[in-house]
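To start, the structure under review is shown below, and the notes come after it.
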Amino acid sequence: MNQEEQKKMEAEILNARRMIVEMIDASIELAAKKGKHSLKTGCSCISCVNKRKTLLRGKEPEWKFRL
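In terms of my numbering, the sequence shown opens at residue -4 and continues consecutively.
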């Protein structure tokens, strides 16, 4: 891989990181603006996203042993 390709790839990675951070910031701002609310279909605030992840992940299994 030459230097031009490497610089282009690094720029794409930085752009992707920037977009992810902007998306997270927007979802946090939306949650602050909406306030506390129940899980709604199509809501992209960070609170609803975390609730959906919890529902999809399922209940944590109980430990059978003590540490």
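The beta carbon of each residue, even a glycine, is placed where N, CA and C say it ideally should be.
Note that the structure is a prediction, hence the values are computed from the model and not measured.
Drop a sphere of 10 angstroms on the beta-carbon of residue i, count the other beta-carbons inside from all chains shown, and report buried for 16 or more, exposed for fewer.
i: Ser39; result: exposed
i: Ser33; result: exposed
i: Ala21; result: exposed
i: Ala27; result: exposed
Can you look up residue i in the DSSP assignment and give me helix, strand or coil?
i: Met(-4); result: coil
i: Lys29; result: helix
Alpha carbon to alpha carbon, how far is residue j from residue i? Give it in angstroms, no decimals.
i: Glu19; j: Lys59; result: Note that residue 19 is Ile in the sequence shown, not Glu. Their backbone Cα atoms lie some 36 Å apart in a straight line.
i: Val44; j: Arg13; result: 20 Å
i: Met94; j: Thr49; result: Absent from the structure is residue 94, since the part of the chain shown begins at -4 and ends at 62.
Would you check whether the ligand SAM has a heavy atom nearer than 6 Å to the C-beta of residue i?
i: Leu25; result: This structure lacks the ligand SAM; in fact it carries no ligand of any kind.
Counting only runs of 4+ residues fully inside the segment 34 to 61, write out the alpha helix (DSSP H) ranges in chain order.
41 to 52
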